[in-house]
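All residue numbers for the sequence shown refer to the working numbering, where the first residue is 113 and numbers rise by one. Here's the structure, in structure tokens; my notes come after.
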Amino acid sequence: MDDHMEIVSNINLHKNFSETWLQYLRSFFFSTEDLPEVILTLSLISSIGAFLNRHLEDFPIPVPVILFLLGCSFEVLSFTSSQVQRYANAIQWMSPDLFFRIFTPVVFFTTAFDMDTYMLQKLFWQILLITIPGFLINYILVLWHLASVNQLLLKPTQRLLFSAILVSSDPMLTAAAIRDLGLSRSLISLINGESLMTSVISLITFTSIMDFDQRLQSKRNHTLGELVGMSGIFTLAIVGLLLNSTSFKAAIEETLLLESS
Numbered sequence: 113m114d115d116h117m118e119i120v121s122n123i124n125l126h127k128n129f130s131e132t133w134l135q136y137l138r139s140f141f142f143s144t145e146d147l148p149e150v151i152l153t154l155s156l157i158s159s160i161g162a163f164l165n166r167h168l169e170d171f172p173i174p175v176p177v178i179l180f181l182l183g184c185s186f187e188v189l190s191f192t193s194s195q196v197q198r199y200a201n202a203i204q205w206m207s208p209d210l211f212f213r214i215f216t217p218v219v220f221f222t223t224a225f226d227m228d229t230y231m232l233q234k235l236f237w238q239i240l241l242i243t244i245p246g247f248l249i250n251y252i253l254v255l256w257h258l259a260s261v262n263q264l265l266l267k268p269t270q271r272l273l274f275s276a277i278l279v280s281s282d283p284m285l286t287a288a289a290i291r292d293l294g295l296s297r298s299l300i301s302l303i304n305g306e307s308l309m310t311s312v313i314s315l316i317t318f319t320s321i322m323d324f325d326q327r328l329q330s331k332r333n334h335t336l337g338e339l340v341g342m343s344g345i346f347t348l349a350i351v352g353l354l355l356n357s358t359s360f361k362a363a364i365e366e367t368l369l370l371e372s373s
């Protein structure tokens with residue numbers, strides 16, 4: 113009799129557990145009407161970026177600048193068309209954490225890929241000396257602009273997160289803009305290193321603000337989860353540095369061609 117009751121208890125436990133997961137998945141995927149628009153918008157952003165990067169390699173205007181102008185045009189059109197406003201609202205529905213984790217790995221990989229590892233080690237202290245004041249100035253200016261204009265009616269925490277997102281996107285624009293200007297190797301490495309350091313500081317600032325706002329610093333599991341989540345972004349940065357320092361050097365490329373022939 114006791115065995116029978118235990119079996120029935122286990123069956124009810126598994127049933128309740130499965131129903132809980134089903135309710136969670138249903139609430140996650142079907143609780144918002146904007147989810148299809150978010151998926152479509154992200155797919156369009158990725159497709160347009162890949163198309164422009166493939167077909168406009170030698171275009172005098174960098175691809176990130178073109179994407180930035182397209183984004184500004186999209187925002188302007190959202191005030192004049194209700195159909196465009198629908199997709200703009202879908203993007204605004206995204207949480208800052210989700211937005212940051214979707215687009216920041218691309219910024220990290222791009223800036224790390226443009227950086228020479230040897231020059232990074234050689235100019236590390238100079239890069240650090242110009243990065244910290246530059247980041248503080250950019251961050252304070254963006255915060256001051258958001259606080260003075262405040263057309264989006266953002267709260268202080270939202271302004272801090274939004275400023276971190278804007279500052280983190282600046283390095284990719286800088287790295288793409290100086291690529292074909294004919295500057296010296298040391299100056300290009302200095303600017304690329306500053307861009308990479310700015311991305312790292314932006315990530316630390318963003319995650320610190322999120323932790324402070326949610327008051328979860330004391331929870332060990334949450335801290336471990338944050339470190340695991342950040343490890344993927346740092347892995348992309350390290351892979352970009354390693355690829356640029358080994359696989360795509362001119363001498364190594366010639367050696368690989370000789371070996372293949």
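Beta carbons are placed, not taken as given, at the ideal position from N, Cα and C, and that holds for glycine.
For leucine 235, there is no enclosing alpha helix (DSSP H), since its DSSP letter is neither H nor E. The straight-line gap separating the alpha-carbon atoms of phenylalanine 236 and valine 279 is approximately 21 Å.
By the 16-neighbour rule on beta-carbons within 10 angstroms, tyrosine 251 is buried. Under the 8 Å Cβ criterion, the segment 238-249 counts as touching the segment 297-308, having at least three qualifying pairs. Within the same chain, Cβ atoms closer than 8 Å to the Cβ of serine 275 are found at Tyr251, Val254, Leu255, Leu258, the five residues on either side in sequence being excluded. In this structure, the straight-line span from the alpha carbon of serine 296 to that of leucine 272 is close to 36 Å. Residue state for phenylalanine 318 is assigned as helix, using DSSP reduced to three classes.
Sequence-distant partners of methionine 231 (beyond 5 residues in either direction) whose C-beta falls short of 6 Å from its own C-beta, in its chain, are Ser301. Under the three-state reduction of DSSP, serine 190 is assigned to helix. With fewer than 16 other Cβ atoms inside 10 Å of its own Cβ, leucine 248 counts as exposed.
By the criterion of a C-beta distance shorter than 6 Å, serine 190 is surrounded in its chain by Val196, Gln197, Ala200, once the five residues flanking it on both sides are discounted. Within the model, the alpha-carbon separation for valine 177 versus valine 261 is close to 24 Å. Under the three-state reduction of DSSP output, methionine 227 falls in the coil class, being neither helix nor strand.
Burial check for leucine 181: the Cβ neighbour count within 10 Å stays below 16, so the residue is exposed. The alpha carbon of lysine 234 has as its nearest neighbour, out of Arg213, Thr216, Gly305, Ile214, the alpha carbon of Gly305. Just measuring C-alpha positions, the residue of Ile244, Ile157, Thr310 sitting nearest isoleucine 214 is Ile157.
Restricting attention to Ile316, Thr192, Leu164, the CA atom closest to the CA of leucine 179 is found in Leu164.
Between the C-alpha atoms of threonine 192 and phenylalanine 186 there is a straight-line separation of about 10 Å. Distance from threonine 310 to threonine 243 at the Cβ level is roughly 6 Å; contact confirmed, criterion being Cβ atoms closer than 8 Å.
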